[in-house]
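Residue numbers (the working numbering): 69 to 260. Idealized CB from N, CA, C, for every residue including glycine. Reading through the structure tokens given below for one structure.
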């Protein structure tokens with residue numbers, strides 16, 4: 069939608085750009101405004117999700133926004149105390165043609181840490197009679213902290229994997245990396 073809005077605005081501003089090519093961006097916008105050129109645009113983008121069912125040969129039902137990842141997790145476990153540390157994580161995530169690699173890596177990190185909380189630390193306790201949450205503070209509910217993240221964390225975005233049906237070749241990156249955090253749980257179990 070943002071791309072389409074940009075195209076609309078560029079088209080509206082083009083006559084002024086041709087008339088006064090010496091103007092920088094700020095002055096061009098100001099001139100357009102003073103000449104009553106509409107400087108707002110709206111557009112709606114709806115991505116149609118298509119599904120493939122196993123055994124189906126129907127192209128129209130194919131889901132074309134899948135993302136993939138692989139990860140390797142190394143941990144150290146103190147067998148006397150149960151303390152553990154994630155010493156290294158290597159992951160490769162398929163984001164298609166990333167629109168902004170730093171944002172994608174931030175999303176991957178956030179999802180991974182959220183997953184660590186789910187598989188290693190967080191345990192919500194409910195009152196069996198009322199359903200009320202009994203541990204609703206950080207004294208007895210333990211979300212991940214900076215000491216829980218990997219010491220050596222290497223995140224790579226898979227190169228040259230555009231999504232032909234995604235916006236600018238991109239793929240989903242928000243929550244999918246949460247699944248990579250299960251590697252920490254299984255690495256701890258393997259170490260024990």
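- Within the same chain, and ignoring the five residues on either side of residue 166 in sequence, the residues whose Cβ sits closer than 6 Å to its Cβ are 172, 225.
- The beta-bridge partner set that DSSP reports for residue 152 consists of 145.
- Annotated three-state conformation of residue 229 is coil, per DSSP.
- Taking 7 Å as the cut-off, the beta carbon of residue 216 is found no closer than this to the beta carbon of residue 156.
- According to the DSSP assignment, residue 180 belongs to the alpha helix (DSSP H) that extends over 169-184.
- Comparing C-alpha distances from residue 204 to each of 192, 197, 196 shows the shortest one belongs to 192.
- Beta-bridge analysis with DSSP links residue 224 to 160.
- In the DSSP assignment, residue 78 falls within the unbroken alpha helix (DSSP H) covering 70-87.
- Shown here, residue 205 sits in coil according to DSSP, grouped into three states, outside any helix or strand.
- Using a C-beta cut-off of 8 Å, the region 80-95 makes no contact with the region 251-260, since fewer than three inter-stretch Cβ pairs fall below that distance.
- Separation of residue 232 and residue 244 (C-alpha to C-alpha, rounded to the nearest whole angstrom) is 19 Å.
- The residue from 176, 218, 235, 84 with its alpha-carbon nearest to that of residue 136 is 176.
- Secondary structure of residue 193 (DSSP, three-state): coil.
- Apart from sequence neighbours up to five positions away, the residues of its chain that approach residue 141 with a beta-carbon distance below 6 Å are 157, 251, 252, 255, ordered along the chain.
- Secondary structure of residue 241 (DSSP, three-state): coil.
- Look at residue 109 here: in three-state DSSP terms it is coil, with no helix or strand label.
- Taking the CA atoms as reference points, residue 134 sits about 27 Å from residue 188.
- Of the other Cβ atoms in all chains shown, fewer than 16 fall within 10 Å of the Cβ of residue 194; this residue is therefore exposed.
- With distances taken between CA atoms, residue 73 lies nearest to 109 out of 246, 109, 101, 179.
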